[in-house]
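Following this line, the structure appears as structure tokens:
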């Protein structure tokens with residue numbers, strides 16, 4: 001940089017100013033084209049030092065993909081949690097910390113959702129799958145997560161956030177579409193958890209309590 | 001303005017989250033909260049890590065998949081470091097810089113190994129792991145120190161443009177000068193920064209360490 005009009009300096013300041021306005025070109029070659037090849041490495045080292053020194057920019061939005069990448073990293077260091085996210089381990093730890101047996105938790109959930117024996121059995125099976133990490137977190141109903149959090153004296157929003165981790169999620173996974181707001185096919189009764197009287201079993205049809213449990217565990221956030 | 005006060009929002013937000021992390025860790029039932037705070041902390045940095053990785057590895061012509069892989073590796077390294085120890089007073093940006101460097105080095109080594117398995121004569125990868133190269137963390141630290149070492153308005157304008165990310169027009173307004181004055185001051189300051197190489201000792205030390213490691217490996 002011997003001259004203020006030097007190509008290196010001009011390109012460097014252009015990159016800095018673009019960085020400052022959130023318009024840094026994705027392709028470094030956009031700036032390096034104007035810089036002698038012998039100084040490319042120097043250019044990239046200086047600019048990355050600047051990025052590292054200043055940290056995240058105000059205009060850096062945290063996208064859903066960024067958040068999921070961070071959550072996947074946190075899950076990756078949890079023993080046995082990489083594929084299932086952080087919720088299963090959190091449930092086990094919280095139950096232990098609160099001294100709540102699994103059966104007691106299932107009884108409380110069954111009472112809250114007014115499930116009959118068949119529904120309770122389905123609840124036990126699905127809860128076991130949840131704690132063992134074989135359910136997909138994003139498909140669990142938020143109302144169930146809030147119920148679990150309440151029973152374990154935790155924050156329901158934390159459970160919902162923890163359940164975001166996609167099974168086997170990674171940065172290369174396609175971004176999940178935003179969840180549709182409250183459009184369960186079953187109508188408002190299903191969304192709110194209809195009482196047993198409204199869940200009478202149609203002749204020869206599936207048990208409505210079992211169906212409700214399946215919706216809660218696999219029907220999506222607004223089931 | 002000292003260089004330490006540059007980028008205060010990022011540091012303050014990191015510092016707040018690190019303090020919350022330390023508090024969550026003290027609670028017997030704070031495991032989930034701890035993981036979510038770590039997630040928030042890391043997610044704030046993903047875009048910047050991705051930018052740094054894309055630029056830092058430019059000579060390797062990485063694919064998007066390569067960059068994704070390196071970014072994921074950096075996040076896991078940093079998460080692992082946070083799980084072991086939380087230093088609420090430390091610089092989170094420095095922790096990230098160190099781990100970007102290591103992950104890039106590992107990536108280069110993996111690529112070299114793979115290339116040699118396919119074509120043993122391939123030797124033309126730029127060597128991002130060469131011991132004479134200062135690390136990203138060294139360079140970032142030194143940049144801050146060198147800006148702090150400038151005097152008067154040059155120091156203020158450089159910190160505002162380089163570290164706070166202000167536009168030249170904003171800096172000119174702050175100081176009641178024209179855009180031209182800001183550009184001249186920035187050019188002058190860039191030359192001063194370039195006139196001394198504060199990392200010569202780092203390069204020497206790394207070369208000595210590397211030579212020691214090589215000789216140990218050979219024996």
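Chains as they are written, first to last, in our numbering: chain A, 1 to 223; chain B, 1 to 219.
Note that the Cβ used here is the ideal one computed from N, Cα and C, for glycine as well.
Interface residues of chain A facing residue i [CB-CB closer than 7 Å]
i                      : result
residue 31 of chain B  : 90 and 93
residue 76 of chain B  : 73, 76 and 77
residue 38 of chain B  : 74
residue 136 of chain B : 48, 49 and 52
residue 154 of chain B : Within chain A, no residue comes near residue 154 of chain B; the closest Cβ sits about 14 Å away, beyond 7 Å.
residue 80 of chain B  : 77
residue 140 of chain B : 49, 52 and 53
Reduced DSSP secondary structure (H/G/I, E/B, other) of residue i
i                      : result
residue 205 of chain A : coil
residue 147 of chain B : helix
residue 192 of chain B : helix
residue 140 of chain A : coil
residue 169 of chain B : helix
residue 126 of chain A : helix
residue 13 of chain A  : helix
residue 217 of chain A : helix
residue 16 of chain B  : helix
residue 178 of chain B : coil
residue 58 of chain B  : helix
residue 169 of chain A : Because residue 169 of chain A sits at a pLDDT of 42, beneath the cut-off of 50, its placement in the model cannot be relied upon, and the following sentence gives the value as read from the coordinates. The answer is coil: DSSP assigns residue 169 of chain A none of H, G, I, E or B.
residue 6 of chain A   : coil
residue 23 of chain A  : coil
residue 98 of chain B  : helix
residue 114 of chain A : coil
residue 223 of chain A : coil
residue 43 of chain B  : helix
residue 87 of chain B  : coil
residue 18 of chain A  : helix
residue 186 of chain B : helix
residue 229 of chain B : Residue coverage of chain B in this structure runs from 1 to 219, which leaves residue 229 of chain B outside it and unanswerable.
residue 163 of chain A : coil
residue 133 of chain B : coil
residue 211 of chain A : helix
residue 75 of chain B  : helix
residue 158 of chain A : helix
residue 152 of chain B : helix
residue 133 of chain A : coil
residue 179 of chain A : Here residue 179 of chain A scores only 32 on pLDDT, less than 50, and its place in the model is too uncertain to base an answer on.
residue 164 of chain B : coil
Beta-carbon gap between residue i and residue j smaller than 9 Å
i                      : j                      : result
residue 60 of chain B  : residue 81 of chain B  : no
residue 62 of chain A  : residue 98 of chain B  : no
residue 73 of chain B  : residue 18 of chain B  : no
residue 154 of chain A : residue 29 of chain B  : yes
residue 32 of chain B  : residue 92 of chain B  : no
residue 54 of chain B  : residue 37 of chain B  : no
residue 177 of chain B : residue 161 of chain B : no
residue 65 of chain B  : residue 76 of chain A  : no
residue 15 of chain A  : residue 163 of chain B : no
residue 217 of chain A : residue 141 of chain A : yes
residue 209 of chain A : residue 119 of chain A : yes
residue 22 of chain A  : residue 66 of chain A  : no
residue 52 of chain B  : residue 136 of chain B : yes
residue 88 of chain A  : residue 131 of chain A : yes
residue 159 of chain B : residue 148 of chain B : yes
residue 154 of chain B : residue 109 of chain B : no
residue 49 of chain A  : residue 32 of chain A  : no
residue 69 of chain B  : residue 116 of chain B : no
residue 137 of chain A : residue 207 of chain A : no
Listed by chain order, chain B residues near residue i by CB distance under 8 Å
i                      : result
residue 127 of chain A : Going along chain B, no residue has its Cβ under 8 Å from residue 127 of chain A, so there is no contact; the nearest lies around 17 Å.
residue 28 of chain A  : 54, 55 and 58
Contact set between residue i and chain B, taken where Cβ atoms lie within less than 7 Å
i                      : result
residue 139 of chain A : Correct list: empty, because the minimum Cβ distance to chain B is about 19 Å.
residue 50 of chain A  : 143 and 162
residue 62 of chain A  : 43 and 44
residue 21 of chain A  : 167
residue 121 of chain A : Residues of chain B passing the Cβ test: none, with the nearest at roughly 28 Å.
Within chain B, partners of residue i - CB distance below 9 Å
i                      : result
residue 225 of chain A : Summary: the structure shown does not reach residue 225 of chain A, with chain A confined to residues 1 through 223, and so no result is reported for it.
residue 18 of chain A  : Neighbours of residue 18 of chain A on chain B: none; closest Cβ ~10 Å, over 9 Å.
Under 8 Å from the C-beta of residue i: neighbouring residues of chain A
i                     : result
residue 83 of chain B : 77
residue 20 of chain B : By Cβ distance, chain A contributes nothing, its closest Cβ being about 13 Å from residue 20 of chain B, past 8 Å.
residue 28 of chain B : 97
9 Å Cβ cutoff, residue i in contact with chain C
i                    : result
residue 9 of chain A : Structure shown: chain C not included; protein chains present are A and B.
Within chain A, partners of residue i - CB distance below 9 Å
i                     : result
residue 48 of chain B : 51, 52, 54, 55, 56, 57 and 60
residue 86 of chain B : Under the 9 Å cutoff, chain A gives no residues; its nearest Cβ is about 14 Å from residue 86 of chain B.
(Q) List, from N- to C-terminal side, the alpha helix (DSSP H) runs of 4 residues or more that fit wholly inside the segment 29 to 100 of chain A. (A) 29 to 32, 40 to 54, 64 to 76 and 87 to 98
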